[in-house]
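> In the numbering used here, the protein residues as written are 566 to 1268.
Provided herewith is a single structure, encoded as structure tokens, for subsequent inquiry.
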Amino acid sequence: MKFETAATKNPIDQMKIVGQPVDRIDGPAKTTGTAPYAYERHDVVANQAYGCIVGSAIAKGKITSIDVSAAKAAPGVLAVVTYQNAGKLAKADSHTARLLAGPDVQHYDQAVAVVVAETFEQARSAAKLVRVRYDRQPGRYDLAHEVKNAKPPKPDEKDPKPPIQKLGDFDKAFAAAPVKLDQTYTTPDQSHAMMEPHASIAAWEGDKLTVWTANQMIDWAVRDLAKTFSIPKDRIRVVSPYVGGGFGAKLWIRSDALLAALGAKAAGRPVKVALARPQIANNTTHRPATIQHVRLATELDGRITAIAHESWSGNLPGGDPETAVDQTKLLYAGANRLTGMRLAVLDLPEGNAMRAPGEAPGLMALEIAMDEMAEKLGIDPIQFRILNDTQVDPMKPQRPFTQRRLVECMRIGADRFGWSRRNPTPGRVREGRLLIGMGMAAAFRNNLLMKSAARVRLDDRGFVIVETDMTDIGTGSYTVIAQTAAEVMEVPLDKVIVRLGDSSFPVSCGSGGQWGGNNACAGVYAACMKLKSQIAAGGERVAEDFIDYPKELAESQQQSTFGAHFVEVSVDGATSEIRVRRMLAVCAAGRILNPKSARSQVIGAMTMGVGAALMEELAVDTRPNYGFFVNHDLAGYEVPVHNDIPHQDVIFLDETDPLSSPMKAKGVGELGICGVSAAVANAIYNASGVRVRDYPITLDKIL
Ligand code: MOS
């Protein structure tokens, strides 16, 4: 189905089941242990052996020799695979760092071997006997130090936008302005820290490969395995029906999947591999650190005349920058603009997408800068943002937003949060020895349109069976898809069976970039509409269809999601201990397909934003011969828990966007994190009078 944009062409406008806060249909399975993750699939194939990955002990250099004799002679060992006996492997385009090193080593803990044994303990124990010798070379690990060597990244097919964009004359306008701000902010490397580690079971049947894994994008996984082994896609099946969190870490297959497949080939039987928690930080990907330079200039009345946002980040050769300036192109008005990204070569593990890549760290800087500027002007931070709202793309004024209710989000949030009780002078509100403060920030994240397909069948008992390779990474895909099918097929929700996460089903949009809910449901909608008309015409009771969007749609109008975050903190006047007391998010994101699961998404994202603000940081050992993330487990890499934030609330504006899809929905899973950390930082400033521009805001920075 080609998407018809006019609202009147959408036959179902008033939805009755979609939009209801129904419980997750996979909830009972999840809470009774009957929704197994990949590593737990003891049932799917017999005779499973265990693989244990050996990671590189150096960050950069060459393997000069590998001695596997002791490992091979160890009890229970079935095979040891290294680059020397793995056969020819092509590198998939999605990966900057190869999933199996050798002879070159690109980063610390890059896989150099997998040891396969009868039991997990035997594999782990034998893995310690693999002797690898290296020729170690000094690497570059310190972003601040490499800034001087950073260059604008080359635009590529994936991201053809020029890395440096200008409008008007920024320098001239900035020099002439009566009020200006010129500040630098930093964000650290971060780890996805999802609950379920990367894990896979691989089995070969002749030249056919099946991989049960934890993955967000099934079709990308098939594509990348096919490329790596140089075999056709139709010989590969990837299965991932339940995933314990992804946050971008599972957008692409990781070493567990490839090495399980290699181990299975070598051992001649199915092999399962999980990355142990301490391997994840360095073996997989992370959100790259940024250094961000923001300059704002306004008239005395607060209207922005010049806005510049430049970001520096690092990656392995061939890797991408963190696109931290993207939101600054679109969020506020201003005639003179400059945004730029520069990329330095770092020999750290591969930097890649983590929840709201670009906007999440970008808003960590921009939305503190907006708070600082409002203070300089003596204007309320909300008023300052309202003054600079824009209903069109500031870089292309002929291009409107399909919907933009940022101002409403801020006004409603201010009212509900009690913003009028905030004292604009920092450090004035006390409760005993606690200093209390409130902060806010705007939230912004683009809404992406992705092709998505599904197959729907009506069986003899009146059940509607939906099949699509869409994944549910904890987000609620099963439920919103069931609601969509129930709505269109006019059956009760419990008459819908949803099957996901299998490459034998039609190719969906997958879970990423907060595009999953809207686009996957739109694909199911298309298949249901086709089935319905087929049945009405007395035809077959099974139909497959997809949703696709005219290219002009994304070019002529800007689709984005908006929100406002409000945070109240206390800062202990004696110890500087920071506590988040209350949070509120107001989101404008099109039709909310299920207010309950959407609320959970936003609350999870707000919590992650608190982690980014106060705790999360992969500490880099920057010495030339080291170069790795030191805190590589959940004791050293802290994330917030329930008890850290006693009160969180979410309000969704009642809206539908007729240009976003037949569902008229958008994404919220990433919008929810965007701006949160800056709102926390701004609240800390309001409480304590200390402005911290380097995340995470640990108490030593307040003392
Ligand atoms: Mo998201 S970082 O595209 O899973």
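Cβ atoms here follow ideal geometry from the backbone N, Cα and C, with glycine treated the same way.
Please read these numbers as outputs of a predicted model, since none were measured by experiment.
Nearest to E932 by CA position, among N1251, P1261, A1244, is which residue?
Comparing Cα positions, the closest option is A1244.
> Please work out which residues of its chain come closer than 8 Å, Cβ to Cβ, to M975, disregarding the five sequence neighbours upstream and downstream, and give them in chain order.
Same-chain partners within the cutoff: I947, R950, I951, M1005, A1007, A1129, V1151.
> Among F1111, V1107, Q1079, which has the Cα closest to the Cα of Y1090?
Closest option to Y1090, Cα to Cα, is F1111.
> Where does P965 fall in DSSP's three states?
The answer is strand: DSSP assigns P965 an E or B state.
> In the DSSP assignment, the beta strand (DSSP E) including R868 goes from what residue to what residue?
No beta strand (DSSP E) contains R868, which DSSP labels as neither H nor E.
> Could you tell me the boundaries of the beta strand (DSSP E) in which M1054 lies?
Looking at the DSSP string, M1054 is not in any beta strand (DSSP E); the run it does join, the alpha helix (DSSP H), is 1042-1054.
> Can you tell me where the alpha helix (DSSP H) with H710 in it begins and where it stops?
H710 -> alpha helix (DSSP H) spans 708-711.
> By a C-beta neighbour count over all protein chains shown, 10 Å radius and 16 as the cutoff for buried, is R698 buried or exposed?
When all chains shown are included, R698 counts as exposed.
> Using CA atoms only, rank isn't needed, just tell me which of A1101, A1139, I1210 is closest to R1147.
Among A1101, A1139, I1210, the Cα nearest to that of R1147 is on I1210.
> Restricting to Cα atoms, I'd like to know which of L865, L908, P922 is closest to A814.
Of L865, L908, P922, the residue nearest in Cα terms is P922.
> Using 8 Å as the threshold, is the C-beta distance between V1175 and V1145 below it?
In contact: V1175 and V1145 (Cβ atoms closer than 8 Å).
> Where do the N-terminal and C-terminal ends of the alpha helix (DSSP H) with K1097 fall, by residue?
Segment 1081-1101, the alpha helix (DSSP H) holding K1097.
> So within the region 963-1036, which uninterrupted beta strand (DSSP E) runs reach at least 3 residues, ignoring any that extend past its ends?
Those beta strand (DSSP E) runs which fall completely within the region 963-1036 and span 3+ residues are 999-1011, 1017-1023, 1029-1032.
> May I have the straight-line CA-CA distance separating T573 from P720, to the nearest angstrom?
Per-residue confidence for T573 stands at a pLDDT of 45, beneath the threshold of 50, marking its modelled position as unreliable; the derived number appears in the next sentence. The straight-line gap from Cα to Cα measures roughly 39 Å.
> Between the Cα of A1177 and the Cα atoms of R1164, R1188, E1203, Q963, which residue gives the shortest distance?
The option with the nearest alpha carbon to A1177 is E1203.
> Kindly indicate the opening and closing residues of the alpha helix (DSSP H) around M935.
M935 -> alpha helix (DSSP H) spans 924-942.
> From the DSSP output, read off the bridge partner residues of K837.
In the DSSP output, where bridge partners are listed per residue, K837 has Y615, I766.
> Please classify S820 as buried or exposed, where buried requires at least 16 neighbouring CB atoms within 10 angstroms.
Buried, because 16 or more other Cβ atoms sit within 10 Å of the Cβ of S820.
> Once the 5 residues before and after D1259 are set aside, which same chain residues still bring their CB inside 8 Å of it?
Around D1259: Y750, T751, K1266.
> M1171 by DSSP, collapsed to three states: which one?
Looking at M1171 - three-state DSSP - the assignment turns out to be helix.
> Should K837 be labelled buried (16 or more other beta-carbon atoms within 10 Å of its own) or exposed?
Looking at its Cβ environment, which holds 16 or more other Cβ atoms inside 10 Å, K837 is buried.
> For the alpha helix (DSSP H) that contains D754, what are its first and last residues?
Taken as a continuous stretch (DSSP letters only), D754 belongs to no alpha helix (DSSP H), as it is neither H nor E.
> Rounded to a whole number of angstroms, what is the C-alpha to C-alpha distance between F982 and I869?
Whole-angstrom Cα-Cα distance: 27 Å.
> Could you name the residues that DSSP lists as bridge partners for T863?
DSSP lists V744, I869 as partners of T863.
> Please check if any C-beta of chain B sits within less than 8 Å of the C-beta of L654.
You won't find chain B in this structure, because it holds only one protein chain.
> Assuming I1228 and N1011 are in contact, meaning their beta carbons sit under 8 Å apart, how far apart are those beta carbons, in whole angstroms?
Sequence check: residue 1228 is Met here, not Ile. Contact doesn't hold; Cβ gap of about 17 Å is too wide.
> Going straight from the alpha carbon of N780 to that of I801, what length do you get?
N780 and I801: Cα-Cα distance of roughly 15 Å.
> Looking at the ligand MOS, does it come within less than 7 Å of F812, judged from the CB to the closest heavy atom?
Yes, Cβ of F812 sits closer than 7 Å to a heavy atom of the ligand MOS.
> For T855, collect the residues of the same chain with a Cβ closer than 6 Å to its Cβ; drop the 5 residues on either side in sequence, then sort them by chain order.
Counting only Cβ-Cβ distances below 6 Å, and skipping sequence neighbours, we find T752, S876, S878, E887, A889, P926.
> Check each candidate in D772, S756, G809 and name the one with the smallest Cα separation from T778.
Of D772, S756, G809, the residue nearest in Cα terms is G809.
> From the DSSP output, read off the bridge partner residues of Q1213.
The partner list for Q1213 (beta bridge, DSSP) reads M1148.
> Taking only three categories from DSSP, how would you classify Q1123?
DSSP places Q1123 in strand when its eight states are reduced to three.
> Closest to A624 by C-alpha separation, out of V1241, V1215, V1195, would be which residue?
Minimum Cα distance to A624 is reached at V1195.
> Should M919 be counted as a contact of the ligand MOS given a C-beta to heavy atom distance under 7 Å?
M919: yes, Cβ under 7 Å from the ligand MOS.
> With 16 as the cutoff for other CB atoms within 10 Å, does A741 come out buried or exposed?
Looking at its Cβ environment, which holds fewer than 16 other Cβ atoms inside 10 Å, A741 is exposed.
> Quick one: residues in its chain with C-beta nearer than 7 Å to the C-beta of T596, no 5 flanking neighbours on either side, listed in chain order?
Nothing meets the Cβ criterion.
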